[in-house]
Structures are given as structure tokens and as C-alpha cells.
Amino acid sequence: MQFIYVLAGWECSAADGRILRDALSRRNGLPIQDGYYYLVDDGYTNGKGFLAPYRGQRYHLSEWRTGHQPTTPEEFFNMKHSSARNIIEKYFGMLKMRWDIIRNAIFYPIKQQGRIIMACCFLQNHIRQNMSVDPIEAAYGDNTQNE
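Below is the structure:
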């Protein structure tokens, strides 16, 4: 797994939909390739390149950990969707584990904050591509190398 697009610089109180619209409207914005999908949460709707879970169906992995299995195709889809999104969340956790500077509030001007985040993501990708064994990934206890 690696970062393919990073849009840093928005304040944390900005609505996710507003940030996504901005990313899509930029000249070199978020790329949408035919046949590929970005996983989005239930706050979004399905659209070209975006795949949301079924609403009104069980979704969170914890709902299946107690031995309950999906009973409908929609629940099965949601279980797989949740599992994939969980991998993404773990990858962000590894990013924060590696770079102390983004683990907590950053007290730099907003433009500098964006550059710091971009640099951390770039370096994370570089490490992923050039290290056969990532000690942070091993410490995190999850292998997303092939994801």
C-alpha cells in the first residue's frame, strides 16, 4: 500500500465531502481510473470511482467478531468493505507511529503543516518501495506490504 494522492492543508473541522470536491476539482486532482474504486464511508454515495457500504446493514468488523456471520449479500459486501477500510486505517496508524511530528497537533503555520504532512507521506512511500523489511510495520503487528 502507498499514498497515491495527498491533499494537505485543510483545517480539521472541514467537512469530508467539501475536501473531496476540492480534490476532484483541482487541475492535478485526485485521479479516478476506470475499473478502480476508492472506498468511502456511509457519509458518501456511490459514484464513478467511489464505493460506499450498504446503508442499514451491519458494517463494523466488531459486529462479526462475536461469531455472527453475514446473512445477506449486502452484509457480506459490508464485511469485506470494512475489512479493506480497516487496512487503510492501520496504514495511517503506521504513518503516525513513524513520524512523531504528525502524531499530535502541529504548531507551525498552515502552509508549513501541509508540507510536513506531504513529506511524511512521500518518505513513507519511499520506505515502502525500498526497504524489504519495515521495522515500524513489524512493530505494528500487521503486514500491509502486499495490500
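Mapping to this note's numbering: the sequence shown position 23 is 23, numbers consecutive. Glycine is no exception: its CB is placed at the ideal position from the N, C-alpha and C atoms.
- For Gln2, same chain residues with a beta-carbon under 8 Å away, outside a window of 5 residues either side, are Gln124, Asn125, Arg128 and Gln129 in chain order.
- Exclusion of the five residues before and after Ser82 leaves Pro53, Tyr59, His60 and Leu61 as the residues of its chain whose Cβ lies within less than 8 Å of its Cβ.
- The shortest C-alpha to C-alpha distance from Asp100 to any of Ile110, Ile116 and Ile87 is the one to Ile116.
- For Tyr36, the number of other beta carbons within 10 angstroms of its own is below 16, and it is reported as exposed.
- Residue environment analysis places Val40 among the buried positions, since at least 16 neighbouring C-beta atoms fall within 10 angstroms of its C-beta.
- Secondary structure of Gly114 (DSSP, three-state): helix.
- The residue from Asp134, Phe122, Ala138 and Val133 with its alpha-carbon nearest to that of Tyr5 is Phe122.
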